[in-house]
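The structure under discussion appears below in the form of structure tokens.
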Amino acid sequence: MVSVSRKHPEIAADSPVDIDAWLESLKANYSPDDLTLIRRAAALSREAHEGQQRASGEPYFMHSLAVAQILTELNLDANSISAAMLHDVVEDTRFTLEDIQSEFGEDVARLVDGVTKMDIIANLRGADPQQQKEHLQAENLRKMLLAMAEDVRVVLIKLADRLHNMRTLCALPGEKQRRIARETMDIFAPLANRLGIWQLKWELEDLAFRYLRPADYKQIAEHLAERRNEREHYLSRFVHHLQAELDKTEIEAEVKGRVKHIYGIWKKMQRKQQAFHQIYDVLAVRIYVETIPACYAALGIVHTLWNYLPGEFDDYIATPKENNYRSIHTAVIGPEGKTVEVQIRTWDMHQESEYGIAAHWRYKEGIRSNQAFDEKIAWLRQLLEWKEDIAEAGEFVDQFKSEVFADRVYVFTPMGNIIDLPAGATPLDFAYRIHTEVGHRCRGAKVNGRMVSLTQPLHTGDQVEILSVKKGGPSRDWMNPQLGYLVTSKARQQVQRWFRLQNLEQNIADGRSIVERELKRLGFGDIKYEKLANQMGYKQVDEFLAALGRGDIKPGRIATVAHQLSEPPPQSETEAPLLRKPRARPASSGIEVHGVGDLLTKFARCCKPVPGDAIVGFITQGEGVSIHRRDCHNVLRAVAEHPERFVEVEWGQRASGSYPVDIEIQAYDRQGLLRDITTLLANAGIDVTAVSTQSHKQSHTATLTLTAEVPDIDALSTVLARINQLSNVTEVRRKTK
């Protein structure tokens, strides 16, 4: 059994590197031929990086060696260790990929090439959206996924590379430290977790946390150091007592105290809103046994010896986590009234937990299969398949993030099978996870025996039953993210694929209907379809409408593009010099006024602009600048009369709070209609400040006009879409005067 090390040895930069001594320490796990290959890779790496130094001043070769050492701790094969030695050679030195292939073979060269392509991963999350180049990013991501799916050792080398960079991050400037730490916390640590490599995950998180929240890190580290002797003494007595009881019952087990990592403690403090001394599982032990029945036998001994906390028990053996993590977790009130976390697992579970997908290379080919490895490879290939069904590059990147970084929920089929889904997934997501046709024909769902909406989020432990029809297809509403029908990327792509296969003329007609509905709903003026199509990258209007009808374009984008296309009012020559003056600082209202100093601003009552609307300012007499929508009828009439009183304005960074907007709703009259509308708005956090209703008895219809406080145009679009889904509502739109 390979022991799990919590530290990787580092070689001092000012001492000669004894490669022979290091290779000698690897003899137990690698053959003479393996060691020869690694020695040759080390020699070429040293030669290639001769004279190169890192920011810390150490020779660059030390980094390559450190990455290789980390991978030996994961027991990767000799080709992986050699590729780790050479992972920066092609990018930073005179040696080419062809040189690597000629000297070390195709397998090592492919690994080196894959690591080079993975350099783009740092930009996947946390970057400024304005700076992202979505199409290039998505294509690079596709290449990275392809490299991972073909050979996951690529990502393991990259994770080891990032881990050593984090260990030596102190040599970089502060801002760069924080940027790299954020990338590590947002990308690399979750990816290590998704692949089940706890040994890398916990250290990446701790190191990133150290630079992102240095004060919190230092406080917890000092707390741990202050009582280390006391804690270790207590755990020693606890372990000795528990080991003796297990031996008495002839359960073959080994009990060890467990190291808690700092970021994990801080997360629990935040989640439970507790101080350090209130977090019980700073004291933790782990029991290792040979078989699953022995896990439950050991659990019985633990609960016999000490009272357990009912709310702190999790059986991840019966219900593994999404990365195949398996273990029993419990917490007991131990001696002196101190709470101790106890984890129980088999040795195989432990190896899988620490090494995750890397554990695959611990077994000789043909001797032992690894189901967890196969499942993770299937997950990667599934992501690649989805890429072919996604029209927008940015959406592919977003969906990759959701699959890698999302928390999970575990629900049951009526037969008792476990289905794992991202947190927030709906019964419709569940239907598509069961089978594509089940999703297409889904018309309702029962959760725990009760009928629920298809948009209701599922929770761990729910039993879900899908109600379907014999024939039918999905609704276009399912693709609208504002309505909340679907969370999982696979389900969305299956719906998009279904509509893509439908009749072209029907798609064009459906697309035209969507455009008309969205423009009318948001109160836009006459915007040419040609301009919309061109702005979205389509040369022909029919191509644009068909893509919208198929679901390749989200309806919500129409509002965004329409705002960009809103034409400003004509400007006279007399105001041109004014608009070329320096911009003033943002006013307190969140409006930036071009060309003038601080002025009082107010929002016009006639058109009620909200953040996201195209706006213009009109200088009033004694009341500052009145802010109007650019398509406001009052503004358009005033342009010819007072062109000199118009100024350019825009929404500033301080645009926040809520803004009044008038909404008009047409519906068939029914009891409870107004209640349903106001409840929907309240649940969305939208305040209603005025309501008026008018019933039309002959047509049995009603017109409702209400004034709502919304934070921006996106929130307005979402609210309008949700109101339109209510029973008996025939039309909802933003009302303009």
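Residue 736 is where the sequence shown ends in numbering that gives the first Met the number 0, and the numbering goes up by one at each step. Just so it is clear, CB atoms sit at the ideal spot from N, CA and C, and this is done for glycine as well.
- Task: Give the DSSP-derived three-state secondary structure of K200 in the structure shown.
- Result: helix
- Assuming T692 and Y667 make a contact with CB atoms under 8 Å, what is their CB distance in whole Å? So it is not a contact: roughly 13 Å between Cβ atoms.
- Message: Quick check: what's the CA-CA separation for F429 versus K266?
- Response: 29 Å
- Nearest CA to the CA of E517: which residue from L485, R549 and N479? N479
- Message: Could you tell me which whole beta strand (DSSP E) segments of length 3 or greater appear in the segment 310–355?
- Response: 327–332 and 338–345
- Query: Residues in its own chain within less than 7 Å of W497 by CB, not counting five upstream and five downstream?
  - Reply: Residues of the same chain with a CB within less than 7 Å of the CB of W497, apart from the 5 flanking positions on each side, are H439, G472 and P473 in chain order.
- Item | C-beta contact flag for E174 and Y262 at 7 Å | no
- Query: R257 to H222, Cα distance in whole Å?
  - Reply: 17 Å
- Message: My assumption, with CB atoms under 8 Å, is that A54 sits in contact with A170. Please give the rounded CB distance.
- Response: 4 Å
- Is the beta carbon of T678 less than 7 Å from the beta carbon of Q481? no
- Measure the C-alpha to C-alpha separation of Q242 and S326 and round it to an integer number of angstroms. 19 Å
- Message: Which same chain residues end up closer than 6 Å to A546 when comparing Cβ atoms and leaving out the 5 residues on each side of it in sequence?
- Response: Excluding sequence neighbours, A546 sits near I552.
- Message: Helix, strand or coil, according to DSSP, for P554 in the structure here?
- Response: coil
- Cross-strand partners of K601 (DSSP beta bridge): Here K601 is bridged, per DSSP, to S625.
- Message: Taking the straight line between their C-alpha atoms, what separation do you get for V254 and Y431?
- Response: 44 Å
- Query: With burial defined as no fewer than 16 other Cβ atoms inside 10 Å of the residue's Cβ, what is the status of N228: buried or exposed?
  - Reply: Result: exposed.
- Query: How big is the Cα-Cα spacing for G448 and G415?
  - Reply: 14 Å
- Query: To the nearest angstrom, how far is it from the Cα of I332 to the Cα of V339?
  - Reply: 6 Å
- Query: With 16 other CB atoms within 10 Å as the buried threshold, where does I417 fall?
  - Reply: exposed
- Task: Consult DSSP for D150 and reduce its assignment to one of helix, strand or coil.
- Result: coil
- Message: Which residue marks the beginning of the alpha helix (DSSP H) containing I676, and which one marks its end?
- Response: L672 to N682
- Below 8 Å on the Cβ atoms is my guess for F617 versus R636; work out the distance and round it to an integer in Å. Actually they are not in contact, since the Cβ atoms of F617 and R636 sit about 11 Å apart, beyond 8 Å.
- Inter-residue spacing [alpha-carbon to alpha-carbon] between H328 and D314: C-alpha separation (whole angstroms): 6 Å.
- Task: Verify the contact flag: G443, CB atom, against every heavy atom of the ligand NAD, threshold strictly below 6 Å.
- Result: Although the ligand NAD was asked about, the structure shown includes no ligands whatsoever.
- Local conformation of V111 per DSSP, three classes: helix
- Starting from L705, follow its DSSP beta bridges and name the residues at the other end. I662 and V690
- Can you name, in chain order, every residue of its own chain whose Cβ lies under 6 Å from the Cβ of L96, other than the five neighbours on each side? V89, A108 and D112
- Message: If you measure between the beta carbons of A40 and M84, is that distance less than 7 Å?
- Response: Note that the C-beta distance between A40 and M84 is below 7 Å.
- Query: For V66, which of helix, strand or coil comes out of DSSP?
  - Reply: In the structure shown, V66 sits in a helix (DSSP, three-state: H, G or I).
- Could you name each continuous alpha helix (DSSP H) segment of 4 residues or more that falls completely within the segment 229–291, going from the start of the chain to the end? 261–271
- Whose C-beta lies closer than 7 Å to the C-beta of R45 among residues of the same chain, with five residues either side of it excluded? F60
- Message: Under DSSP, the beta strand (DSSP E) around G443 begins and ends at which residues?
- Response: C441 to V446
- Task: Enumerate in chain order the residues of its own chain whose CB-to-CB distance from R212 is below 7 Å, with the five nearest sequence positions on each side excluded.
- Result: none
- Exposure label - A20; buried when at least 16 CB within 10 Å: exposed
- Message: Just to confirm before moving on: does the CB-CB distance between E251 and E202 stay below 7 Å?
- Response: Going by C-beta atoms, E251 is not nearer than 7 Å to E202.
- Message: Counting C-beta neighbours from all protein chains within 10 Å, is the total for A214 16 or more, i.e. buried, or is it exposed?
- Response: Around the beta-carbon of A214, fewer than 16 other beta-carbon atoms lie within 10 Å, marking it exposed.
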